[in-house]
Amino acid sequence: MPLLTRFVLPLVLMCIMTCQTLAQSVEVSVCQFMDDKPAAMSLTFDDSLLDHYTVARPLLAEYGYKATFYVVEKYTNQALAHRGDISKRQYMDWQQVKQLADEGHEIGNHSYNHHGLTRIDASRWDEEINHPIATFQDRLGLTPVTFCFPGNARNSEILKLALVNHINARTYQQSFGGKNYTHEKTVQWVNDTIANNKWAVAMIHAIIHEGKGYAPFPNDEKDFVAVLELLKAHEDKLWIDTFANVSKYVKLRDSVTVQWIDAHKTFTLKTELDTKLYDIPLTVKIQDGSQQRLIKVMPNMPTSIQ
Ligand SMILES: [Zn+2]
Numbered sequence: 000m001p002l003l004t005r006f007v008l009p010l011v012l013m014c015i016m017t018c019q020t021l022a023q024s025v026e027v028s029v030c031q032f033m034d035d036k037p038a039a040m041s042l043t044f045d046d047s048l049l050d051h052y053t054v055a056r057p058l059l060a061e062y063g064y065k066a067t068f069y070v071v072e073k074y075t076n077q078a079l080a081h082r083g084d085i086s087k088r089q090y091m092d093w094q095q096v097k098q099l100a101d102e103g104h105e106i107g108n109h110s111y112n113h114h115g116l117t118r119i120d121a122s123r124w125d126e127e128i129n130h131p132i133a134t135f136q137d138r139l140g141l142t143p144v145t146f147c148f149p150g151n152a153r154n155s156e157i158l159k160l161a162l163v164n165h166i167n168a169r170t171y172q173q174s175f176g177g178k179n180y181t182h183e184k185t186v187q188w189v190n191d192t193i194a195n196n197k198w199a200v201a202m203i204h205a206i207i208h209e210g211k212g213y214a215p216f217p218n219d220e221k222d223f224v225a226v227l228e229l230l231k232a233h234e235d236k237l238w239i240d241t242f243a244n245v246s247k248y249v250k251l252r253d254s255v256t257v258q259w260i261d262a263h264k265t266f267t268l269k270t271e272l273d274t275k276l277y278d279i280p281l282t283v284k285i286q287d288g289s290q291q292r293l294i295k296v297m298p299n300m301p302t303s304i305q
């Protein structure tokens with residue numbers, strides 16, 4: 000059958016090869032940040048301050064953002080004793096902290112007594128870092144996953160110790176509030192974060208002067224609303240989420256490898272990390288020839304791209 004040999008068979012072969020080439024052109028890549036946004040941002044509130052609950056909480060709800068509240072065990076224990084005494088700094092009580100957690104915010108660990116860890120004896124580090132874990136479990140029914148150093152004071156040994164029971168610790172931040180705060184600096188910071196595809200972390204203490212917390216905004220909540228308005232205006236370019244969620248995403252993203260189960264139809268994002276703890280999906284870009292789409296993928300689960 001010379002005709003078959005000379006024309007049909009090569010055509011069939013060509014078709015098979017073309018189909019294989021097309022199938023092989025499916026590319027799977029994990030996006031740098033959720034929803035393929037170019038940058039990420041976490042809002043963190045330090046020191047269990049009452050205005051986090053009375054001022055920040057309703058505003059965050061209005062703008063639809065989840066934040067991280069770094070709670071100091073001793074301060075929250077003191078909350079009810081200070082309540083109503085205007086000479087004392089006002090703190091959130093456990094019930095208020097629990098409400099923030101129930102609403103989807105992260106409650107992070109900001110130590111037992113808020114001692115600068117580099118200034119106390121190394122024998123006390125373990126208690127300062129880990130004592131709040133059992134208290135959070137008891138009072139809030141949750142285990143904190145990230146840590147924040149009091150006064151940001153740390154060294155490599157302290158950092159290592161904090162990471163034994165936490166997936167991440169805040170080691171860089173942009174300070175908000177205080178006498179020298181200006182909105183212009185924040186605009187520049189947001190622009191820089193987006194232009195450089197970074198994950199930026201805002202460190203906020205007091206919002207209003209009234210609660211006697213550290214470094215309130217010069218114009219109280221008016222300045223904080225301006226921050227939220229600015230973030231809203233850049234929402235298409237910023238993934239705004241808790242410090243824990245962005246930590247989980249970044250660590251998962253950097254740990255996974257793509258493993259095909261069924262040639263170019265089903266794959267798994269394989270990770271050695273514990274997916275019970277790292278319980279966040281990754282955004283994956285599927286490039287199928289000229290077609291591109293985004294899907295959400297839970298690591299270690301088979302994912303079909305058909
Ligand atoms: Zn602090």
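Sequential numbering of the sequence shown, starting at 0, is according to numbering that gives the first Met the number 0.
For each residue, glycine too, the CB sits at the ideal point set by N, CA and C.
Can you check whether the CB of Leu139 is closer than 7 Å to the CB of Lys97?
-> yes
Check the C-beta distance from Thr67 over to Thr241 and give it rounded, since I have them as a contact under 8 Å.
-> 5 Å
For ligand 1, is there a heavy atom less than 6 Å away from the beta-carbon of Asp222?
-> no
Looking at the structure shown, is Arg169 part of a helix, part of a strand, or coil, going by DSSP?
-> strand
Residue burial classification, Ala22 (beta-carbon count within 10 angstroms, cutoff 16) = In this predicted model, Ala22 has a pLDDT of only 49, less than 50, meaning its place in the structure is not dependable enough to derive any value.
Find out if the Cβ-Cβ distance for the pair Lys250, Gln258 is shorter than 7 Å.
-> no
For Thr142, which residues from the same chain have a beta carbon less than 8 Å from its beta carbon, with the 5 sequence-adjacent residues on both sides left out?
-> Ile132, Phe135 and Gln136
Given Ser122 as reference, the closest of Thr265, Ala100, His113 and Ile157 once Cα atoms are compared | Ile157
Under 8 Å Cβ to Cβ from Ile166, same chain only, skipping five residues before and after it: list those, please.
-> Val144, Thr145, Ala243, Ser246, Lys247, Lys250, Leu276 and Tyr277
Using a threshold of 7 Å, state whether the C-beta atoms of Glu220 and Ile203 are closer than that.
-> no
From Ala80 to Pro57, what does the alpha carbon distance come to, in whole angstroms?
-> 24 Å
Looking at the structure shown, is Gly177 part of a helix, part of a strand, or coil, going by DSSP?
-> coil
Give me the Cα-Cα distance between Asn299 and His263, rounded to the nearest whole angstrom.
-> 17 Å
Residue range of the unbroken alpha helix (DSSP H) whose run includes Asn129 = Trp124 to Leu139
Helix, strand or coil at Asp101 according to DSSP, with G and I counted as helix = helix
Outcome for Thr20 when other beta-carbon atoms lying within 10 angstroms are tallied against a minimum of 16 | Reliability of the predicted coordinates at Thr20 is poor, the pLDDT of 45 falling under 50, and no value is obtained from them.
Proximal residues to Phe175 (C-beta, below 6 Å), its chain only, five neighbours per side dropped | Ala201 and Ile203
Inter-residue CB distance, Ala38 and Phe44 (contact presumed, cutoff 8 Å) | That pair is no contact at about 21 Å.
For Asp235, which residues of its own chain have a beta-carbon under 8 Å away from its beta-carbon, when the five flanking residues on both sides are left out?
-> Lys36
Buried versus exposed call for Ala214 [16 or more other C-beta atoms within 10 Å across all chains shown] | buried
Contact test: Asp45 Cβ vs ligand 1 heavy atom, cutoff 6 Å | yes
Among Ala78, Tyr69 and Gln89, nearest to Ser110 - alpha-carbon criterion | Tyr69
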